[in-house]
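Per my numbering, residue 13 is the first one in the sequence shown, and the count goes up by one each step.
Please read the structure below before turning to the comments.
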Amino acid sequence: NNPSQQNKSAWTPVARIGLPLIYLLALIAPALVFFGQRGGFGFLSGVKDPQVLGLLLFPLVGLYAFTLIWAQVILGSSMPIWRRVYPWIETFHRTQGIFVLLFAGLHPTLLLLAYGQAYFNYDFVLPEQQIFIYIGQIQLLLIILTVATALLRKTRLVKKWWRYVHWANYLVFALVWIHSWELGSDVKPTWLRFVWIFFALTVVLSLLGRILRGVRQRKLAITPLAGAGTGEPIKTTFTRVATLSDLGQNKAHCLNVGGQAIVLYRINDRVFATTNTCTHAGGPLCEGSLKSTTVTCPWHGSQFDVTSGKVVAGPATRAVKTYPVRIVDGRVEIAL
């Protein structure tokens with residue numbers, strides 16, 4: 013059994029109920045506070061002037077812009093985990109990114125509609141609060157940049173560096189959190205402040221988890237064989253894992269060897285082995301396509317030379333770990 017399948021079965025019962033519930037509660041909270049503070053929907057009755065309507069609704073749009081940004085960061089930072097439970101989650105993630113941009117852009121647009129040219133004078137806030145308006149404008153530009161690079165991530169121009177730009181989402185979250193905390197009329201004075209604190213803590217934890225997973229993947233990719241670099245003979249113990257006839261020509265095959273997820277690649281009558289984990293975001297290489305000696309990760313398109321583990325094309329920047337393979341009387345053996 014593949015360890016990722018075991019993890020998936022362990023996560024599924026909790027995740028399929030708990031994660032959607034948390035997401036739903038996060039979406040309900042801003043509207044509950046916003047309309048509760050104003051006595052329900054009645055304050056909108058009879059309002060026909062677009063300027064007045066914009067002034068009344070722009071805080072709600074801002075609350076949802078931030079809530080969606082939180083969800084976007086949480087999903088993006090732990091995508092390898094969410095994919096085990098929801099195979100469609102990456103499509104949802106990209107679609108949600110478009111709504112983030114729409115809400116983030118609509119928020120100042122409603123203010124501009126309400127105040128007209130006076131909006132640019134920032135007279136609607138105290139002088140000492142104007143810095144938080146600037147912060148909001150900076151984060152909007154960053155959102156446009158990150159969404160654009162995500163949508164264009166497979167183009168030749170953006171392919172190699174889009175993931176570096178995507179790290180700016182953490183800066184976006186921090187800026188929007190500060191902006192809404194200091195200017196939001198429905199945040200600090202209400203119980204919504206506890207939701208905002210929860211959002212901040214979960215993003216910090218997810219970022220730490222992402223960093224730790226990256227460190228672990230880096231260690232797995234560079235861990236040498238026993239004895240390497242010590243002047244002593246390299247100790248290798250080969251384990252039979254398949255027969256040559258078991259492996260289809262020019263295909264990748266998933267295996268679990270000694271508790272490790274491994275991929276075997278048969279290229280003509282030669283067999284190569286790498287770890288199954290893409291060094292970019294943990295994608296399963298055994299589910300990717302194999303062309304000549306290059307395997308393509310099915311998640312973000314990173315490519316690796318299976319004979320050496322080296323990166324052929326990004327967004328990955330680190331090689332995948334390879335393993336010695338030998339064929340003895342038609343038996344395929346691998347050394348971990």
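Where a beta carbon is used, it is the ideal one built from N, C-alpha and C, also for glycine.
Extent of the continuous beta strand (DSSP E) run through residue i
i, result
"GLU299", "Neither: GLU299 is in no beta strand (DSSP E) and is coded neither H nor E."
"VAL170", "No beta strand (DSSP E) holds VAL170; DSSP gives it neither H nor E."
"GLN141", "Element bounds for GLN141: n/a, residue is neither H nor E."
"PHE250", "250 to 255"
"TYR186", "Inspection of the sequence shows that residue 186 is occupied by Ala rather than by Tyr. Taken as a continuous stretch (DSSP letters only), ALA186 belongs to no beta strand (DSSP E), being part of the alpha helix (DSSP H) at 180 to 195."
"ASP317", "315 to 317"
"VAL307", "306 to 308"
"THR286", "282 to 287"
"VAL323", "323 to 325"
Bounding residues of the alpha helix (DSSP H) (the contiguous stretch that carries residue i)
i, result
"ALA1", "What is shown of the chain runs 13 to 348, which leaves residue 1 out entirely."
"PHE78", "62 to 89"
Counterpart residues of residue i in DSSP-defined beta bridges
i, result
"HIS265", "LEU276"
"GLU345", "ARG252 and ARG338"
Proximal residues to residue i (C-beta, below 6 Å), its chain only, five neighbours per side dropped
i, result
"PHE144", "HIS191, GLU194 and LEU195"
"TYR252", "One detail in the question is off: residue 252 reads as Arg in this sequence, not Tyr. Here the set comprises ARG343 and GLU345."
"GLY294", "PRO92"
"GLY88", "none"
"LEU152", "ALA116"
"ALA77", "PHE115, ALA116 and HIS119"
"ARG165", "TRP174"
"ALA350", "Any answer about residue 350 is impossible in this case: the structure gives the chain only from 13 up to 348."
"GLY270", "LEU348"
Close-in-space but distant-in-sequence residues of the same chain around residue i (CB under 7 Å, 5 per side omitted)
i, result
"ARG338", "PHE250 and GLU345"
"ALA212", "TRP189"
"PHE136", "TYR127"
"ASP198", "VAL45, PHE46, GLN49, PRO71, LEU75 and LEU204"
"LEU302", "ASN262, LYS263, ALA264 and TYR277"
"TRP311", "CYS290, ALA293 and GLY295"
"LEU67", "ALA126"
"ILE155", "VAL112, LEU113, ALA116 and VAL184"
"THR305", "ILE279, ASP317, VAL318 and THR319"
Cβ neighbours of residue i in the same chain (closer than 8 Å, five flanking residues each side left out)
i, result
"THR255", "GLY342, ARG343 and VAL344"
"LEU259", "HIS265, LEU276, ARG278, VAL283 and VAL344"
"LEU157", "VAL177 and ALA180"
"ALA41", "THR79, LEU204 and VAL207"
"VAL332", "ALA233, THR286, THR287, THR289, CYS290, THR291, LEU297, PHE316 and GLY321"
"VAL159", "GLY109, ILE110, VAL112 and LEU113"
Heavy atom of the ligand SAH within 7 Å of residue i beta-carbon
i, result
"ARG228", "The model on display carries no ligand, and the ligand SAH is accordingly not part of it."
Cβ pair count under 8 Å reaching 3, the stretch 103 to 120 against the stretch 40 to 57: no
Touching by the beta-carbon criterion (3+ pairs, under 8 Å), the stretch 171 to 187 and the stretch 316 to 331: yes
Sufficient close CB pairs (3 or more, under 8 Å) joining the stretch 128 to 142 to the stretch 160 to 171: no
Inter-stretch contact (C-beta, 8 Å, three-pair minimum) for the stretch 200 to 217 and the stretch 114 to 128: no
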